[in-house]
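S.K.: The structure is given below, and queries will be raised subsequently.
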Amino acid sequence: DVKVTQSSRYLVKRTGEKVFLECVQDMDHENMFWYRQDPGLGLRLIYFSYDVKMKEKGDIPEGYSVSREKKERFSLILESASTNQTSMYLCASSSGYEQYFGPGTRLTVT
Amino acid sequence: QKEVEQNSGPLSVPEGAIASLNCTYSDRVSQSFFWYRQYSGKSPELIMSIYSNGDKEDGRFTAQLNKASQYVSLLIRDSQPSDSATYLCAVNFISSGSARQLTFGSGTQLTVLP
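So the sequences go chain by chain: A and B. The end of the first sequence is residue 110 by my numbering, with every number in the run present. The end of the second sequence is residue 1114 by my numbering, with every number in the run present.
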């Protein structure tokens, strides 16, 4: 079974804080993705990575950055958290087209 | 224009009935199609993938793909209350720089009534 884990299920941060969300997969997948999911807006791709140290912007990269130093780990960074970044953040990994999701992190920025 | 469209529902069916969920996609080259189930407060779970025209069956689930008409559907036979969830359709559009990305629909909320 594919296992994708995320560092926190719930997180509360203050406006302006730097926030790190971490994702780890144990299936040696090349591809990793970060999404956010908001009511009425569906799943939106923030960033993705095809390989170590490689990253590409998704549909909504503004205000976010990512890091992939090891194949199994993909981090999402909010440089200066804002209230409009309150959301459910989902990490996924794949070796082909089938993506497998982690449990998600519900981030609240106050 | 949305690239992957689903009726948001809610769709209600009685227990034991067939639930039919539909998804249409825009006129772009695509090769892979997926259905995910998402329970409230949980993350999406892959339940079906289909790559060629026709039907693909897996237990109580059947995925149907018609590329000429640009739609993919999911049928759930003998629906159970535990099938109550939001179902997301996802499509892999082939385009430069996005070969592995999926585009998701906004989901259809299904309620199976006991």
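Heads up, the beta-carbon is just placed ideally off N, CA and C, and yes, glycines get one too.
Measuring only from the beta carbon, is phenylalanine 1033 (chain B) closer than 6 Å to any heavy atom that is part of the ligand NAP?
M.R.: Within the structure as shown, the ligand NAP is missing, as the structure has no ligands at all.
S.K.: Counting only the same chain and skipping the five closest in sequence on each side, list residues whose C-beta sits under 8 Å from that of alanine 1090 (chain B).
M.R.: Excluding residues within five positions, the ones whose Cβ falls inside 8 Å are Val1004, Phe1033, Phe1034, Trp1035, Tyr1036, Leu1102, Thr1103, Phe1104 and Gly1105.
S.K.: What's the C-alpha gap between tyrosine 1039 (chain B) and alanine 81 (chain A)?
M.R.: Rounded to the nearest angstrom, the two C-alpha atoms are 28 Å apart.
S.K.: Determine the DSSP secondary structure at glutamine 85 (chain A), reduced to helix, strand or coil.
M.R.: Three-state result, glutamine 85 (chain A): helix.
S.K.: Taking C-beta to C-beta, are leucine 1110 (chain B) and alanine 1019 (chain B) nearer than 7 Å?
M.R.: Yes; because the gap between Cβ atoms is below 7 Å, this pair is in contact.
S.K.: Within this structure, are the beta carbons of leucine 21 (chain A) and leucine 76 (chain A) separated by less than 7 Å?
M.R.: Going by C-beta atoms, leucine 21 (chain A) is nearer than 7 Å to leucine 76 (chain A).
S.K.: With distances taken between CB atoms, is the gap from valine 45 (chain A) to glycine 63 (chain A) smaller than 7 Å?
M.R.: Contrary to the premise, residue 45 (chain A) reads as leucine rather than valine in this sequence. Contact flag unset, no.
S.K.: What whole-angstrom Cβ distance do glutamine 25 (chain A) and glycine 104 (chain A) have, given they're in contact under 8 Å?
M.R.: In fact, because the Cβ distance is near 14 Å, the residues do not count as touching under 8 Å.
S.K.: Are the C-beta of serine 1096 (chain B) and some C-beta of chain A separated by less than 7 Å?
M.R.: Its pLDDT being 45, under 50, serine 1096 (chain B) is placed unreliably by the model, and the measurement read from it follows with that caveat. Closer than 7 Å: no.
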